[in-house]
Amino acid sequence: MNKTINSNMKYYLAPMMGYTDCYLRNLAEKLYGDSIQTFSEMIVDKAIIHNEINIIQKHFLKNNKSAIQIAGSDPQEITQAINIINKIELIQHVNFNLGCPSSRVQENMLGLALTQNQDLVKKCLEKIMEFKGDISVKCRLGLGLGEDKNYIFSYLNLFSNLGIKEVFVHCRNGVLNLDTKKNRTIPKINYNLFLECKKNFPKLKLIPNGEIDNKETFDLLIENDVSDFMIGRQFAKDLTFLEKLSIYKIKDKQISIGKFFNEIKDFKFLNLNLIKKSLFTILTNIPNAKNVRNNISKFQDIDSLEEYFVDSKIWN
Ligand SMILES: Cc1cc2nc3c(=O)[nH]c(=O)nc-3n(C[C@H](O)[C@H](O)[C@H](O)COP(=O)(O)O)c2cc1C
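Using my numbering, the first residue of the sequence shown is number 902, and each one after it goes up by one.
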């Protein structure tokens, strides 16, 4: 019997610098409810230690449901950051970045670069484990261009031994000294190796990431008992694309948008341009999209913007 789409499926909005700010995350949560989990952009532990109040207040709304994604490579600093996060009730989930290949991150031995030293990764993760809430990691399938089952298997063993149960796997290798854009295209997507990991580590919850933006990929993964999906760029382009693929039906957009505005209205760091940017991600499939976008661009305050969304017939 063919496995099919069902209501137990869960979606994860991937952490993306410059995209997954508190507005886009809040909008995703209002549209998808409990079917989505969102992640902040990567925040380096040093930033939390040295600029705690601003960092947390700028990245998280007061009813926050998002996980914080952090990066670090010094166990002592990670402890300091975790001690701070442990005191912030609105953060219930910490995700540790082991996949970012950017040169700045690389210079500081964070993200993907850190995985060259598994012993240090272990020491860092032991400190992450001092977080009181949920803990997960995000990593790559391999390091360098060639397929390397040992890399991912030994890391999954490490996570499992440390008691980390949730692992987001970007299903392509990461390559150091290759820019971030090329790192999202040159190493090939390898869902087969991901599925092999899933078979070999049945106790871990492994969530695939990487170009899960079309029906064929969903079908392949669903056929192999995957029901959780982390999605980045396609959500940032079109937050409603799961509807277009007939995978998920968003219940009532008008009500969801109303709730979105309610939550952000009294935000201390309100940024109208970023709010508009997040709203543009839900306007790709509507009739007259260009006109609607033009109208929205003109609003100079949040009340007029809200009125336009809540009163107008955009969705009809
Ligand atoms: C602009 C941009 C910024 C990103 N920033 C982060 C980040 O802060 N942390 C992280 O773990 N991954 C980051 N990523 C990687 C994504 O989370 C994701 O792994 C990647 O885009 C592959 O998924 P996709 O094909 O669904 O986009 C970023 C990707 C993009 C395109």
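Even glycine gets a Cβ: it sits at the ideal position worked out from N, Cα and C.
C-alpha of LYS1106 to C-alpha of PHE1032: approximately 19 Å in a straight line. In the DSSP annotation of this structure, the continuous segment of the alpha helix (DSSP H) that includes SER1205 starts and ends at 1203–1212. Within the chosen limit of 7 Å, ligand 1 reaches the beta carbon of LYS1039 through at least one heavy atom. Bounds of the beta strand (DSSP E) holding TYR913 are 911–914. The closest heavy atom of ligand 1 lies less than 7 Å from the beta carbon of MET917. Rounded to the nearest whole angstrom, the CA to CA distance from LYS1169 to VAL1211 is 22 Å. Distance from the CA of ASN1115 to the CA of CYS1001, rounded to the nearest whole angstrom, comes to 24 Å. If you draw a 10 Å sphere on the C-beta of LYS988, you find fewer than 16 other C-beta atoms in it, and that means exposed.
Bounds of the alpha helix (DSSP H) holding ASN984 are 976–987. Taking 8 Å as the cut-off, the Cβ atoms of SER941 and HIS960 count as close. Following the DSSP letters along the chain, one finds ARG1005 inside the alpha helix (DSSP H) bounded by residues 1004–1008.
Each residue's CA atom was taken as its position, placing GLY934 and SER1037 some 20 Å apart. DSSP places SER967 in the coil class of the three-state scheme, outside both helix and strand. Remark: C-beta atoms of LYS1104 and SER1061 approach each other more closely than 8 Å. Using a cutoff of 7 Å, the CB of CYS1001 counts as near ligand 1, since one of the ligand's heavy atoms is closer than that. Between the alpha carbons of GLY1159 and ASN964 lies a gap of roughly 15 Å.
From the listed residues TYR1209, SER1055, LYS1138, GLY919, the smallest Cα separation to ASN1196 is found for TYR1209. Checking the DSSP bridge columns, you'll see ASP1120 has no partner listed.
Distances between the C-beta of GLN970 and the heavy atoms of ligand 1 include at least one below 7 Å. The beta carbon of GLY973 sits no closer than 7 Å to any heavy atom of ligand 1. In the DSSP annotation of this structure, SER936 is not part of any beta strand (DSSP E), being labelled neither H nor E. Taking 8 Å as the cut-off, the beta carbon of PHE1142 is found no closer than this to the beta carbon of TYR912.
A straight-line Cα-Cα distance of about 15 Å links SER974 and CYS1040. By DSSP's assignment, ALA948 forms no beta bridge with any residue.
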